[in-house]
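Trainee: Would you mind keeping the following structure in view while I ask a few things?
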């Protein structure tokens with residue numbers, strides 16, 4: 095099978111000691127052909143671009159997206175809009191993101207709603223004017239984000255709502271906007287475990303099944319959100335190897351997710367929709383390759 099990870103953060107310092115193994119595992123055990131690597135702040139644009147550079151040897155194709163996550167808006171220095179535009183112009187294959195809206199306590203503690211909306215507007219303007227795919231984060235902001243996107247639609251280069259867990263009704267409204275895609279990971283597809291059984295594999299959520307049914311053909315992608323998003327029982331965490339000659343290194347808490355686990359997500363989608371695993375893998379990979387332009391590599 096061919097698989098594509100629509101959203102991850104391979105530049106994360108938490109993955110750095112294990113990155114070679116993570117990429118090798120993804121290409122071999124996971125069958126990945128590519129992944130979209132999203133920046134979260136200006137400080138990691140260079141790392142994301144380096145990972146995605148053709149000059150950096152990897153067993154799978156990586157596509158960079160450059161942007162500012164809502165949680166990182168407080169770190170912005172004046173002139174970031176011009177620097178982001180310049181970085182995108184200098185890297186024609188790069189997408190835009192991760193941007194978005196987050197009305198949860200963590201998001202609002204980082205930046206208030208007006209600041210988030212202003213930054214999202216910058217990202218949208220750049221994605222539209224430069225013809226780049228845009229990756230978006232949305233937490234407790236579905237209505238507000240839907241209004242913003244409706245004012246700018248359609249999106250010929252595509253918009254990806256990552257870690258999408260909205261209702262079937264919200265999904266249908268967004269799907270009616272041209273070019274809007276949806277990406278899901280394990281966390282968006284499972285129900286909460288029974289009390290006191292956090293380590294027990296969860297059941298597929300009925301809400302998630304209805305949401306998946308509302309996504310039009312060709313608009314569904316799968317993601318790891320590595321190093322975040324790991325759900326016990328669905329894939330394997332990153333194997334933490336010690337560099338010492340003795341004494342093992344305890345695994346990090348929470349366990350680190352990895353792109354190879356999108357195979358588990360594909361299986362979950364197949365179970366929830368009654369489709370074959372290979373069919374889901376092919377469709378989501380095709381959508382990822384098309385959205386992020388890997389056919390041009």
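Residue numbers (this note's numbering): 95 to 391. Glycine is no exception: its CB is placed at the ideal position from the N, C-alpha and C atoms. Please read these numbers as outputs of a predicted model, since none were measured by experiment.
1. Tell me the DSSP secondary structure of residue 154 in three-state form.
2. Distance check for residue 349 and residue 340, CA to CA, integer angstroms please.
3. Could you work out which residue in 224, 176 and 187 is closest to residue 213 when comparing CA atoms only?
4. Can you list, in chain order, the residues of its chain whose CB lies under 8 Å from that of residue 196, leaving out five sequence neighbours each side?
5. Could you give the DSSP three-state label for residue 93: helix, strand or coil?
6. Start and end of the beta strand (DSSP E) containing residue 229?
7. Taking the beta carbon of residue 321 as the centre, do at least 16 other beta carbons fall within 10 Å, making it buried, or is it exposed?
8. So residue 375 and residue 96 are supposed to be a Cβ contact under 8 Å. How far apart are they, rounded?
9. Closest to residue 299 by C-alpha separation, out of 311, 254, 273 and 362, would be which residue?
10. Relative to the C-alpha of residue 281, which residue among 330, 359 and 274 is closest?
11. State the DSSP-derived secondary structure class of residue 360, mapped to helix, strand or coil.
12. Could you say which of 189, 354, 200 and 378 lies nearest to residue 319 if we only look at CA atoms?
13. Looking only at its chain, what residues have a beta carbon closer than 8 Å to the beta carbon of residue 200, apart from the 5 residues adjacent to it on each side?
14. Could you say which of 178, 291 and 112 lies nearest to residue 134 if we only look at CA atoms?
15. What is the C-beta distance between residue 98 and residue 367, in whole angstroms, given that I count them as a contact (C-beta under 8 Å)?
16. Of the choices 215, 140 and 207, whose alpha-carbon is the least far from that of residue 182?
17. I'd like the list of long-range same chain contacts for residue 371, defined as Cβ closer than 7 Å, with 5 residues on each side in sequence excluded.
18. Hey, out of 137, 129 and 124, whose CA is closest to residue 107's CA?
19. Taking the alpha-carbon positions, what's the residue 218 to residue 171 distance?
Mentor: Answer, in terms of the structure:
1. Counting from one through the chain shown, the residue named residue 154 turns up at place 60. Coil at residue 154, not helix or strand.
2. Position 246 of the chain shown, counted from the first residue, corresponds to residue 340. Position 255 of the chain shown, counted from the first residue, corresponds to residue 349. Here residue 340 scores only 42 on pLDDT, less than 50, and its place in the model is too uncertain to base an answer on.
3. As a working note, residue 213 is residue 119 in the chain shown. Minimum Cα-Cα distance from residue 213 among the listed residues 224, 176 and 187 corresponds to 176.
4. Against the chain shown, residue 196 aligns to sequence position 102. Spatial neighbours of residue 196 in its own chain (CB-CB distance under 8 Å, excluding positions within 5 residues in sequence) are listed in chain order as 164, 165, 202, 204, 210, 231, 232, 233, 234 and 235.
5. Limits of the chain in this structure are 95 at one end and 391 at the other, which puts residue 93 out of reach.
6. The residue labelled residue 229 in the question sits at position 135 within the chain shown. For residue 229, the enclosing beta strand (DSSP E) starts and ends at 228-233.
7. Here residue 321 corresponds to residue number 227 of the chain shown, with the count starting at 1. Burial call: buried.
8. The count along the chain shown starts at 1 and reaches residue 375 at position 281. The count along the chain shown starts at 1 and reaches residue 96 at position 2. Taking the Cβ atoms as the reference, residue 375 lies roughly 7 Å from residue 96, within the contact range of under 8 Å.
9. The residue labelled residue 299 in the question sits at position 205 within the chain shown. With distances taken between CA atoms, residue 299 lies nearest to 362 out of 311, 254, 273 and 362.
10. Taking the chain shown and counting its residues from 1, one reaches residue 281 at position 187. Among 330, 359 and 274, the Cα nearest to that of residue 281 belongs to 359.
11. Counting from one through the chain shown, the residue named residue 360 turns up at place 266. Correct three-state label for residue 360: helix.
12. In the chain shown, residue 319 corresponds to position 225, counting from 1. Looking at the Cα atoms, 354 is the closest of the given residues.
13. If you number the chain shown from 1, residue 200 lands on position 106. Excluding the 5 residues flanking it on each side, residue 200 has same chain C-beta neighbours closer than 8 Å at 165, in chain order.
14. On the chain shown, position 40 is the one that residue 134 refers to. For residue 134, the nearest C-alpha among the options comes from 178.
15. Counting from one through the chain shown, the residue named residue 98 turns up at place 4. Counting from one through the chain shown, the residue named residue 367 turns up at place 273. Incorrect: roughly 18 Å between the Cβ atoms, too far for contact.
16. Numbered from 1 along the chain shown, position 88 holds the residue referred to as residue 182. Residue 182 has its Cα closest to that of 140, out of 215, 140 and 207.
17. Taking the chain shown and counting its residues from 1, one reaches residue 371 at position 277. The answer, listed in chain order, is 360, 361 and 364.
18. As a position in the chain shown, residue 107 is number 13, starting the count at 1. For residue 107, the nearest C-alpha among the options comes from 137.
19. Walking along the chain shown from the start, residue 218 turns up at place 124. Walking along the chain shown from the start, residue 171 turns up at place 77. Rounded to whole angstroms, the separation of the alpha carbons of residue 171 and residue 218 is 19 Å.
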